[in-house]
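Visitor: Can you keep this structure in mind? I'll have questions shortly.
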Amino acid sequence: MVKNILIGIALAFMGLFLVMPLLVVFTEAFSAGIADYFTAITDPNVGSAITLTLIIALVVVPANLIFGICASWCIARFNFIGRDLLITLIDLPFSISPVIAGLLEVLLFGLNGLFGTWLANHNIQIIFALPGMILATIFVTFPFVAREIIPLAQEQGNDEEEAAVTLGASGLQIFFRVSLPKLRWGLFYGVLLCNARAMGEFGAVSVVSGKIFGSTDTLSLAVESLYESYEIQAAFACASLLAMLALVTLILKSALEWWHRDEIHAVRRKKAA
Amino acid sequence: MSASASVGIAGRRFQWRQPSILPGFAPSLTITLVWLVLIVLAPLGVMLWFTAGLGWRGFFNVILEPRVLGDLRVSLSTALYASVVNAGFGLLVAWVLARYRFPGRRLADALIDLPFALPTAVAGIALSTLYAPNGWLGALLAPLGIHIAFNPSGIVVAMMFISLPFIVRTVQPVIEDLEPEQEEAASLMGATPLQIFLRISFPAILPSLLTGFALAFARCLGEYGSIIFIAGNKPMVSEIVPLLIVARLDEFDYQGATAIGTLMLGVSFLLLLTINLLQAWVRRRHGG
Amino acid sequence: MSTEIAISHVSRAFGGHTVLNDVSLTVKPGELLALLGPSGSGKTTLLRLIAGLDQPDRGKINIGDLDATARHPKERGVGFVFQHYALFRHMTVFENIAFSLRIRKVPKAEVKTRVAALLKLIQLETLASRYPAQLSGGQRQRVALARALASQPRVLLLDEPFGALDAVVRRDLRRWLRQLHDEMHITTIFVTHDQEEAFDLADRVVIMNAGKICQQGTPIDIYQHPTSIFVHEFLGESNHIPSRVHNGTVIAQAGFYLGEAAAPEGPVQTFIRPHHVIPRPNPRGAWSITRIAATGAHARISVTNTGTTLQAAMTADALLDSSLTPGQQVDIFFSGGTIFTEAKPGPTKLTPLKPTSAIHAIS
C-alpha cells in the first residue's frame, strides 16, 4: 500500500539524518572503552567547562524567565498600539545568526568596541570572560520563554483575572494566585527549551570566549577544543554528555506535550494564525 | 490602577491603549521594553551605527570583495538546496506523522525535535565523523564518487539536519487540522488520492510550508556550529558567511565583520519579507 | 441589606461606535431585574459599568449611597458572575469559593464555615475538592455564583448566566436562582437575550436596543402594552399585517377587514399574536390550512388566503378537540390585536369585528 511506502521512506529519512548522528556520538564516545570514557569526562578541564556551562545557564534562564513573564503580562492582558510590533521584535534574536550575537558583544565591549577603552581603564573584563559569554547567551535565548507563554496567556484569556478583580484581589494577588498557576506548564516548557539552548550554545559563545580550554570554555567549546586537538574520543565523551542533556530535554518535552495536549493544540492553532 | 477613561466631548479622544481594569500594565511594559532595548535593540543599533560609520563606499568595498561574494554564494546556494530538499521530505515526514498510526510513531514524533535540542557543536562533530571518508556513511559513498565531508555537500547535509524540525513542526499542526470532510467530499465525487492531495490538501498546506521553508532557510543561513566541522571551510568554495565574520573578528577587522553582519541581517530581512508576501498571495488565491 | 442602584445619563463608546447612549435607570433595593435585548444592545456593557470593569464616558453610577462612578470594583461591594463562569481552573471548588475570603485574610476556621455554608446553599457539598474541569456546566455556574456571594456583596450581577447551558439545566437553574433570590433579597441584575428567561425570572424587565432603553416594567405590563414595534416583535412571534385605517375601521392592504381601532387615518402596522388567530372549520371558508405543526405542548397552524399567510397557535389539547386537518377550509376569527402607527407613539388596541364575524374580504 502507498501508505506503507510513505511511512517507510519517512522513517528511513529520519533514521539516516537524525538517528545516525546521535548513534555516532555514543559509539565514538565509548569507542575506547568505558574506563577511558570516564577518564575523559572526569578530567578537571572538562569539570571546569561543565561548571562554566552551569553558571551561565543559572544566570541566563532566570533572567529570560522574568522577562518572559513580564512580556506575557503586558502583551496578553492588554491591547495597545504597537503590540504586534513588540511581538515581532521579541522574536528577532530567534532569526539572527548566533555569530552575530557574539559580534554584537564584541562591538560593544571588545578592545576596539564602544566601551572598550572605558572597560580597559577600569580593568573590567567582559569579552573573553564570563560576563561576555553570559550576555551573548542571553541574546540568543532571549525569546525562548516569552514565545512559549505569550500565545498560551493569550489563549487563556482575561476572564479569570477580571473575576479576581471583582472579588477584591490586588495586582500581585491576581498575578501569583490566578495568572501564574495557569501558566505553569508553559513556563516549565519555556524554561526547558531555554536551558537546553543556553547550555548547548556554541556560535555566540565561541566568538566572545577566550577559548582557553580549562578556564573560558563551556562544554560545547570544550568539545570543539578536544576535537581540533584530535582527542576525538574525549571530544565525543563530552559531546555525549550534551547529547544526554538533549535527550532528557526531549523526554520532558514530550511528557509535557502529552499531559497538556489539549491546551497545546489550541495554542498552536493560535500561533499558526 | 485606574483605567484610562477619556472624559471628552464626544468620548472620542485618541487612546493608544484600550482601558482595562487589570493592573500592572505600566510596570510590565516598562520592564519588557527596557530589557528588549538593552539586550537586543541597542546592540543591533550599535552595529548598524558602526556600519554607517563606514559610509556607503566603505560598506560596498567590503561587501564586494570576492571572498565575501563567494562565501555569500556558498551560503545561499547550500541553504537553498537544503531547504528545498527538506521542504519535500519534511512535508512527507509531517504528513506521515500527522496522518498515519504505526508502531513507534510517538518516538519518531519526539525525535523530530532532536536537532532543535542538540547543541550545534555536538551535531557538528557527529556529522563530520559520520560523513568523513572513513566514517560509516562516508566510507559507503566514497566508492560511488560521492564525497560529502569537507565539501559544499557536507554543508547541505548539516543544514538539512538542523533545519528539518522547522519545516515539520510548522506544517504538522496544519495537516492535523485539515478537515476530513473536504477530502471525503472530493473522494465521493471520484477524485483519486493523488488528485485529492494535489488539489485540496496541498493548497491548504502551502502557506505553512512556505513559512516553514522561510524559517528553515533563515536558520540555515545563520547556522555556525553544526556546519564548520563538516565543511571544508575553503574560502569561496566551502566557507559559510558566519565563519567569515569570525575570521574577520580574529583579525581584529571589526569594520569588515560589522559590514558583513549587516549584510546578513539585510539578506534575512529581505527573505522574510519576500516569503511574507508570497504567503499573502497564496492565501488570497486559496482562501484562509 | 438591600441596596438601590441609580444609573444616570450614562454613555459609553468604543472606537467611535456608541454602545450606550444616555442611559438612565433605577434599580430598586432587593429587586431582581433583567436587562433584555438582542446582541449589541449594550446590556453587557451596562452591566460591566455597574461592576466597575469598565468606566463610562459620561454619567454617574450610584450604588446605595456611594458614588461608584470612578471607584474600583473592590470598593463597590459587587458580586459578578461571568458568562463562561471564569472559575479559577487551578483551584478546587472550595478554593474558588474561598478566594475572596483568603484575599481579605479571613481566619482559616471562619473560611471553612462560610464556604461550607455556601456549598450547602448551592448543594455541592460533595464536590468541594473537585476541579472546574471535572464539573458539568450547571455545577460550574453554581460554583461561580457561590464564589460571587462569598464576599457578601450588596449587589449581584450576572452576565448571561445560563447562556452556555442546555435547556433542561437552564430551566432548573432558573428556578433555583429565583428561590435563592427570594431567600437572600440581594439587589440582582442579570443580562439575557432570552425573552422567556427574562420574563420567567425577573420582577422587572428592562428592554434595550442599540444602546438605549426601549421599555421597562413588569413582564405582564410589557407583554400587554409594548410601546414600540421593536419591543412587540422582540417579545414573541406575531403576524404582521400592513393595513390602513379609514373612519376607525382597519382594513388590511391585502383587502380584508380586520376590525376597529381608535387610530388616526392612514397607513398603520397591525400585529396579531398567533394565539389570537382562531380558525374554525367551514367548507365554504375563505382560508385554507396549509400546515399543522405540533411542537410539544403547543400547535402551530398556517392558514392561507390568496397570498396572505397567517400563523395561528393553540394548545395541543385544543388542537385535538378541534377537528382541524391540513388542507381544510376554515374561517378566521381574531380575538385581539395591536396597531402601531407613525402618527401616534405607543400601541393602539385593535377591536376585532363582532366576535361572531369571520374575517372577510371587502366585496
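Chains as they are written, first to last, in my numbering: chain A, 999 to 1271; chain B, 7 to 294; chain C, 72 to 434.
All residues carry an ideal CB built from backbone N, CA and C; glycine is no exception.
On a predicted model such as this, the values are computed, not experimentally measured, just so you know.
#1: List, in order along the chain, the chain B residues whose C-beta lies closer than 8 Å to that of C:L124?
#2: Would A:N1156 pass as an interface residue toward chain B - the criterion being a Cβ-Cβ separation below 8 Å?
#3: Look up C:W358 in the DSSP assignment and say whether it is helix, strand or coil.
#4: Could you tell me the distance, in whole angstroms, from the CA atom of B:G64 to the CA atom of B:T198?
#5: Note down, in chain order, all residues in the segment 120-150 of chain C with a beta-carbon under 8 Å from any beta-carbon belonging to chain B.
#6: Residues in its own chain within less than 6 Å of A:N1121 by CB, not counting five upstream and five downstream?
#7: Could you tell me the alpha carbon to alpha carbon distance between B:W287 and C:V277, rounded to whole angstroms?
#8: What residues from chain A crowd round C:S171, counting only those whose CB sits closer than 7 Å?
#9: Quick one: is B:I173 buried, meaning 16 or more other Cβ sit within 10 Å of its Cβ, or exposed?
#10: Can you find the residues in the same chain that come closer than 6 Å, C-beta to C-beta, to C:N376, ignoring five residues on each side of it along the sequence?
#11: Can you name the residues of chain E whose CB is closer than 9 Å to the CB of C:I360?
#12: So, are the CB atoms of A:R1019 and B:A129 less than 8 Å apart?
#13: Consult DSSP for B:G110 and reduce its assignment to one of helix, strand or coil.
#14: Tell me which residues share the same chain as C:I193 and place their Cβ nearer than 6 Å to its Cβ, disregarding the 5 neighbours each side in the sequence.
#15: So B:L216 and B:L284 are in contact, right, with Cβ under 8 Å, and what is the actual spacing, rounded?
#16: Please classify C:Q223 as buried or exposed, where buried requires at least 16 other C-beta atoms within 10 Å of its C-beta.
#17: Given a threshold of 16 other Cβ atoms within 10 Å of its Cβ, counted over all protein chains shown, does A:Y1187 qualify as buried or as exposed?
#18: DSSP state of A:L1016, grouped into three classes?
#19: So is A:W1257 in contact with chain B if we call contact Cβ pairs under 8 Å?
#20: Evaluate contact between the segment 190-208 of chain C and the segment 130-139 of chain C, counting only Cβ atoms and requiring at least three cross-stretch pairs below 8 Å.
#21: Check each residue of the segment 1042-1074 of chain A: if its Cβ is closer than 7 Å to any Cβ of chain B, include it; give the result in chain order.
#22: Against chain A, does B:R79 count as a neighbour if the rule is that its beta carbon must be under 8 Å from one of theirs?
#23: Could you give the DSSP three-state label for C:A332: helix, strand or coil?
#24: For the alpha helix (DSSP H) containing A:K1251, list its first residue and its last residue.
#25: Using a Cβ-Cβ distance under 8 Å, would A:E1160 count as near chain C?
#26: Give me the subset of the segment 131-159 of chain B whose CB atoms are less than 9 Å from a CB atom of chain A, sorted by chain position.
#27: If you measure from the beta carbon of A:K1180 to each beta carbon in chain C, is any gap under 8 Å?
#28: Could you list which residues in chain C have their beta carbon closer than 8 Å to that of A:Q1171, in chain order?
#29: Work out the CA separation of B:R175 and B:R290 for me, nearest whole Å.
#30: Would you say C:F411 and C:V339 are within 8 Å of each other, going by their C-beta atoms?
#31: Pop quiz: C:L172 and C:V182 are said to be a contact at Cβ under 8 Å. What is the actual Cβ separation, rounded to whole angstroms?
#32: Hey, C:I363 and C:F405 are a contact pair by Cβ (cut 8 Å); roughly how many whole angstroms apart?
#33: Mind checking whether the beta-carbon of B:T217 lies closer than 7 Å to any heavy atom of the ligand ZN?
#34: Could you check if B:F235 is buried or exposed, using at least 16 other CB atoms within 10 Å of its CB as the buried criterion?
#35: Please confirm if A:Y993 has its CB atom under 8 Å from at least one CB of chain B.
#36: Could you spell out the range, first to last residue, of the beta strand (DSSP E) harbouring C:L104?
Guide: If we stick to the structure as given:
#1: I27
#2: yes
#3: strand
#4: 60 Å
#5: G123, L124, D125, Q126, P127, D128, R129, A141, H143, P144
#6: none
#7: 50 Å
#8: L1165, G1166
#9: buried
#10: A357, W358
#11: Any reference to chain E falls outside this structure, whose protein chains are A, B and C.
#12: The question names Arg, but residue 1019 of chain A in the sequence shown is Pro. Yes; because the gap between Cβ atoms is below 8 Å, this pair is in contact.
#13: coil
#14: R213, A217
#15: 6 Å
#16: exposed
#17: buried
#18: helix
#19: no
#20: no
#21: F1065, C1068, A1069, W1071, C1072
#22: no
#23: strand
#24: 1230-1257
#25: yes
#26: I131, A132, L133, S134, T135, L136, G141, W142, L143
#27: yes
#28: I174
#29: 23 Å
#30: yes
#31: 5 Å
#32: Not confirmed; about 19 Å, so no contact.
#33: By its list of ligands, the structure shown contains no ligand whatsoever, and the ligand ZN lies outside what it can speak to.
#34: buried
#35: Here chain A has residues from 999 to 1271 only, and residue 993 of chain A is not among them.
#36: 103-107
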